[in-house]
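Below is one structure, written out as structure tokens; comments come after it.
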Amino acid sequence: MVLKYVGTALLASASALAGPAVALGQALTVTPAQTLEMQGLTVVIDQNQFNPIFFDEKNAGIQIILHGDRIATDGAVRLDRTPEQWAPVPAFVGRTLGKEPNQVVVRSAYKAANLAYTVKVTAEGDGFRIAVDLDQPLPESLAGKAGFNLDFLPTTYFGKTYLMDRAPGLFPRHPDGPMAKDGSGDPLPIAEGGHALTLAPEDPLTRVTIASDGAPLMLYDARNRAQNGWFVVRSMIAAGARDNAIVWHVRPNVIKNWVRQPVVSFNQSGYTPTRSKIAMIELDPNFSAPREAQLVKLAADGTRQTVLSAAIKPQGRWTRYNYASFDFSSVRDPGIYAISYAGSTTNPFRISADAYGRIWQASLDTFIAEQMDHIGVREQYRVWTAPSHLDDARQAPPNIVHFDAYKMGANLDSPFKPGEHIAGLSVGGWQDAGDYDIQTPENTMVVRDLVWARELFGLDWDETSIDETARTVEIRRPDGIEDAVQQIRHGTLQLLAQYKVFGHAIVGIVDPALRQYAHLGEAGSQTDGLIYDAALKPNTQTGVASAIPDDRWAFTTDYPANDLLMAGALAGASRALAASDPAMAAQALAAAKTLWARQQSGTLRAGDGRDDGTWARSPDMSNVSATIELLLTTKGDKVYADRLRALMPVIRQNFEGVASVAVRAIPFMDADYRAQLVPLVRAIKARADGADGHNPFGVPISMGGWGGSNQVVSFGTTMYMLHKAFPDIVGTAYTLDALDYVLGRHPANNLSFVSTVGTASKLIGYGHNRADYTFIPGGLEPGMVVIKPDFPEVKTDWPFLWFENEYTVSTTAAYILAARAATAAAAETF
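Read left to right, the sequence shown gives residues 1 to 830 (this note's numbering).
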């Protein structure tokens, strides 16, 4: 691991950690980032905006971070009492400092509803004031609809009490109404009519009081309408009101001189004896930090022996925290250990030669199996899903943008009419995440990563029985066939089905209706499994058809990037399946060659059929990958070698994105090819070292709206591939840093982001299971996000924040590959 100066504050020695930073006063003060801040409290004011695609992510508007926990969000004018994810959201217009001291002013608007307004957030007394001014009184259409909302995190308040004026109430663990009796499905307030509301009067850590000058307060349990809802405090905007339409006085209880306790983070799966072992300590700047930490060894009788005391090494400031490292690499004796620091001792971890012997298997035999589509999945007594989506699929209509960001232009690139059933697609594939769709590009990456992991490192593991004909999967029932081979075959079935039906890759297959998309639970009950027939009478069915239009839509636009991703995946699958299913291997290779050949002339059209603001897949980069996969499969065919030479400008321009596949081609190319990669490898190493300079963890950390676990594991794999090809340039530390990060050494807490992997891991995740506050074994969560401007967050008890908690199948497959690479890297260290 490379540890160096980070951020804007260099801690020159351990003594710099001994004394507290200059504490903020016990009153809110505006910061250069235009938040309001005091020790123990931050008021975030529209530094995070509502998403233009996914709307309400519970990370926007006015937010309250109290005693190190984000307890409230979405402070804004809303048009619904308890808004759901796709309810209308205001557009952020701008933010400035106000005329009053310590005042921040935000301009927002609902342009379509002709509503523009200003929210002024002003420090006052021991809290802050929120005042809403409308540019014009409410349009008649919004009277009785518009109000000011502030949402409070349910898990912070479960089982706690509240006072509406003097009337007591209890925050329920499970939503239990009341509901409107008019058929609207709207919740009624669980408390209303008062002008002062105190949340959790019994708990000094989470107590907040809100007083309203005019409009009465209402308290809703939004989970009565949607399980991902929060507790909503709301005041209605009166008809005719303009200036000071809403005025609230918010008083979070702030414990005087509150200081967050240190977070000691490390790899929860432990360490092999000879590798580097560096824990990270995250420190509140106001914490009086001891200069030393201790490594303790646990004996069979529970006693603890200190085996190492060493000075912690300052690593500087990143976001709002100071960091220091604790190096215990010198300890190599196998055993069970923990780290003691500042009067606390962490949970245990191992030092053992087989520390990484079981870090990827649950991801393969349980998580990826649970995500399988068109098949039933059982694990002993538990049924994960009945055979799902056997009614796939209907042709999506033209010229639409789906609520999950799939988009279809005027040209369907399909022989089917809008709404027509498409036979042949109800086989294979994996549901992408908790939302039951097949994203073709992500499916191709699962196939590719499983092929690579098996070829490069071995995935000799059989804990699952898969019978595609019977559509049955039995987890923990070995059938004598490698699970990886069976999963590669399952993914290949869907890719070949698309190729056979359309002659090209499609964007994906997804639910047509929002209510269906929001389905929680096992996938087999999401549709009726019967082909929709519009000629049937309502609510009738035959043995094969029904009058319910729940069949998923196929978005069929032909994009070169998707075709080339499919070509690369099929080329790799043909290698993996050659021994067990030579007929399918031959089909896959033939399809790969055809798809690849079609895209080798002219300019490749950009895009991949999604409009979700994520990184757009480059067709040129996909072409590099497909070309190399075919080069590998054909063992150096001149056609692909020549084409790869012609693609060198793409490789040079996009090396970080294609580096891992580019070096795989070296054995089949001439010496000049390798020589051209050398400066690119040196440059990527320099950039990686530079990335370390932005954070103390040695990996690229996402600063966007989605946790960066996938980015980290991909970095780990890439750097190991470069290490194997250029060991004199790139070492193994980068890959081990990536493993350490996802398995616990990261900001905010020290839990492994891979559920059930390591001593302590994230055990509440966002998947098909999310309404149950449980986990799917082996799934990799996105992990830490930075709530702008500077608050690292990893929620552990609330499953519905998908940007921190949502498992995805391609990310988990990428983790399997990275875990195998890291295991190999650890074996090289001495």
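For every residue, glycine included, the Cβ atom is placed at its ideal position computed from N, Cα and C.
Return the residue from the list 197, 652, 223 and 435 that minimises the CA-CA distance to residue 172.
The sequence position of residue 172 within the sequence shown is 172, counting from 1. In terms of CA proximity to residue 172, 223 leads the group 197, 652, 223 and 435.
Residue closest to residue 545, alpha-carbon to alpha-carbon, out of 421, 81 and 177
Walking along the sequence shown from the start, residue 545 turns up at place 545. The residue with the shortest Cα to Cα distance from residue 545 is 421.
Residues that DSSP places opposite residue 75 in a beta bridge
Position 75 of the sequence shown, counted from the start, is the residue given in the question as residue 75. 61 and 62, per the DSSP bridge assignment.
Just how far apart, CA to CA, sit residue 429 and residue 484?
Translated into positions along the sequence shown, residue 429 becomes position 429. Translated into positions along the sequence shown, residue 484 becomes position 484. Approximately 14 Å, taken between the alpha carbons.
Integer-rounded CB distance, given that residue 179 should sit under 8 Å from residue 187
As a position in the sequence shown, residue 187 is number 187, starting the count at 1. As a position in the sequence shown, residue 179 is number 179, starting the count at 1. That belief holds up - the Cβ atoms of residue 187 and residue 179 are roughly 6 Å apart, short of 8 Å.
Alpha carbon to alpha carbon, how far is residue 533 from residue 439?
Locating residue 533 in the sequence shown gives position 533, counting from the first residue. Locating residue 439 in the sequence shown gives position 439, counting from the first residue. Distance between the alpha carbons of residue 533 and residue 439 is about 25 Å.
Beta-ladder partner(s) of residue 628, from DSSP
The sequence position of residue 628 within the sequence shown is 628, counting from 1. Residue pairing by DSSP places residue 628 in no beta bridge whatsoever.
Got a sec? Which residues, its chain only, sit under 6 Å from residue 831 by beta carbon, not counting five neighbours each side?
With the chain covering 1 to 830 only, the question about residue 831 has no answer from this structure.
When the Cα of residue 826 is compared with those of 299, 281, 329 and 107, which residue comes out closest?
Position 826 of the sequence shown, counting from 1, holds the residue named residue 826. When each option's Cα is compared against that of residue 826, the closest is 329.
Closest to residue 777 by CA distance: which of 789, 786, 788 and 763 is it?
Within the sequence shown, the letter at position 777 stands for residue 777. Of the candidates 789, 786, 788 and 763, 763 places its Cα closest to the Cα of residue 777.
Three-state class that DSSP yields for residue 231 in the structure shown
Residue 231 sits at position 231 when you count from the first residue of the sequence shown. Three-state result, residue 231: strand.
Would residue 561 pass as a contact of residue 622 if the rule is Cβ separation under 8 Å?
By 1-based counting over the sequence shown, the position of residue 561 is 561. By 1-based counting over the sequence shown, the position of residue 622 is 622. Yes, Cβ-Cβ distance for residue 561 and residue 622 is below 8 Å.
Under a three-way DSSP split, which group does residue 318 fall into?
Stepping through the sequence shown from its first residue, residue 318 is reached at position 318. Correct three-state label for residue 318: strand.
Less than 7 Å between C-beta atoms, sequence neighbours within five positions excluded: which residues of the same chain meet that for residue 414?
Position 414 of the sequence shown, counted from the first residue, corresponds to residue 414. Same-chain partners within the cutoff: 395, 502 and 556.
For residue 108, which of 99, 101, 100 and 120 has the nearest alpha-carbon?
Walking along the sequence shown from the start, residue 108 turns up at place 108. The closest CA to that of residue 108, considering only 99, 101, 100 and 120, is found on 120.
Contacts around residue 528, its chain only, beta-carbon distance under 8 Å, and the 5 residues preceding and following it disregarded
The count along the sequence shown starts at 1 and reaches residue 528 at position 528. Excluding positions up to five away in sequence, the list reads 391, 541, 546, 548 and 550.
Using a 10 Å radius around the Cβ and a threshold of 16 neighbouring Cβ atoms, would you call residue 577 buried or exposed?
Along the sequence shown, one-based indexing puts residue 577 at 577. Its Cβ being crowded by 16 or more others within 10 Å, residue 577 is buried.
Thinking C-beta only, is residue 818 closer than 8 Å to residue 716?
Looking up residue 716 in the sequence shown gives position 716. Looking up residue 818 in the sequence shown gives position 818. Judged by beta-carbon spacing, residue 818 lies within the 8 Å limit of residue 716, meaning their Cβ atoms are closer than that value.
Less than 8 Å between the CB atoms is what I'm expecting for residue 196 and residue 209, so what's the real figure, rounded?
In the sequence shown, the residue the question calls residue 196 occupies position 196. In the sequence shown, the residue the question calls residue 209 occupies position 209. Residue 196 to residue 209, Cβ: 7 Å. Contact.
Could you check what DSSP says for residue 327 in three-state terms: helix, strand or coil?
As a working mapping, residue 327 is identified with position 327 in the sequence shown. In the three-state DSSP reduction, residue 327 falls in the strand class (E or B).
Counting only the same chain and skipping the five closest in sequence on each side, list residues whose C-beta sits under 6 Å from that of residue 308.
Position 308 of the sequence shown holds residue 308. The beta carbon of residue 308 is closer than 6 Å to those of 295, 328 and 331 in its chain, skipping five residues each way along the sequence.
Is the distance from the Cβ of residue 712 to the Cβ of residue 741 below 8 Å?
Here residue 712 is taken as the residue at index 712 of the sequence shown, counted from 1. Here residue 741 is taken as the residue at index 741 of the sequence shown, counted from 1. For the pair residue 712 and residue 741, the CB atoms are nearer than the 8 Å cut-off.
So what's residue 792 in DSSP terms, helix, strand or just coil?
The count along the sequence shown starts at 1 and reaches residue 792 at position 792. Residue state, collapsed to three classes: strand.
In the DSSP assignment, what residue or residues form a beta bridge with residue 209?
On the sequence shown, residue 209 is found 209 positions in, with the first residue counted as 1. Among the bridge pairs identified by DSSP, residue 209 is matched with 198 and 251.
Taking the beta carbon of residue 344 as the centre, do at least 16 other beta carbons fall within 10 Å, making it buried, or is it exposed?
Sequence index remark: in the sequence shown, residue 344 carries index 344 (1-based). That one is exposed.
Can you check DSSP and say which residues form a bridge with residue 96?
For the purposes of this step, residue 96 is taken as residue 96 along the sequence shown, with counting starting at 1. Note: residue 96 is bridge-paired with 105 in the DSSP secondary-structure output.
Cutting at 8 Å between CB atoms, please list the residues of its own chain near residue 28, excluding the five before and the five after it.
Position 28 of the sequence shown, counted from the start, is the residue given in the question as residue 28. Correct list, in chain order: 36, 37, 38, 41, 43, 102, 123, 127 and 128.
In angstroms, rounded to a whole number, what distance separates the CA positions of residue 629 and residue 572?
For the purposes of this step, residue 629 is taken as residue 629 along the sequence shown, with counting starting at 1. For the purposes of this step, residue 572 is taken as residue 572 along the sequence shown, with counting starting at 1. Near 6 Å, if we compare the C-alpha coordinates of residue 572 and residue 629.
Contact check, residue 466 vs residue 378 under 8 Å by CB: the rounded distance?
By one-based count along the sequence shown, residue 466 stands at place 466. By one-based count along the sequence shown, residue 378 stands at place 378. 11 Å between Cβ atoms; not a contact.
Going by other Cβ atoms of all chains shown within 10 Å of its Cβ, with 16 needed for buried, is residue 584 buried or exposed?
Here residue 584 refers to the residue found at position 584 when the sequence shown is read from its first residue. Taking all protein chains shown into account, residue 584 has 16 or more neighbouring C-beta atoms within 10 Å of its C-beta and is therefore buried.
Residues in its own chain within less than 6 Å of residue 299 by CB, not counting five upstream and five downstream?
Working through the sequence shown from its first residue, we reach residue 299 at position 299. Spatial neighbours of residue 299 in its own chain (CB-CB distance under 6 Å, excluding positions within 5 residues in sequence) are not present.
Round the Cβ separation of residue 234 and residue 220 to the nearest angstrom and send it over; I've been treating them as touching at under 8 Å.
For the purposes of this step, residue 234 is identified with residue 234 of the sequence shown, where counting begins at 1. For the purposes of this step, residue 220 is identified with residue 220 of the sequence shown, where counting begins at 1. About 6 Å separates the beta carbon of residue 234 from that of residue 220, a gap short enough to meet the 8 Å contact definition.
Beta-bridge pairing of residue 151 - partner residues as DSSP gives them
Numbered from its first residue, the sequence shown carries residue 151 at position 151. In the DSSP assignment, the residues bridged to residue 151 are 73 and 232.
Roughly how many whole angstroms lie between the Cα atoms of residue 611 and residue 710?
Locating residue 611 in the sequence shown gives position 611, counting from the first residue. Locating residue 710 in the sequence shown gives position 710, counting from the first residue. Within the model, the alpha-carbon separation for residue 611 versus residue 710 is close to 20 Å.
Curious, which full-length alpha helix (DSSP H) runs of at least 4 residues does the stretch 493-566 contain?
Segments of the alpha helix (DSSP H) lying fully in the stretch 493-566: 514-517.
Cβ neighbour criterion (16 or more within 10 Å) applied to residue 832
This structure leaves residue 832 out entirely; the chain is present only between 1 and 830.
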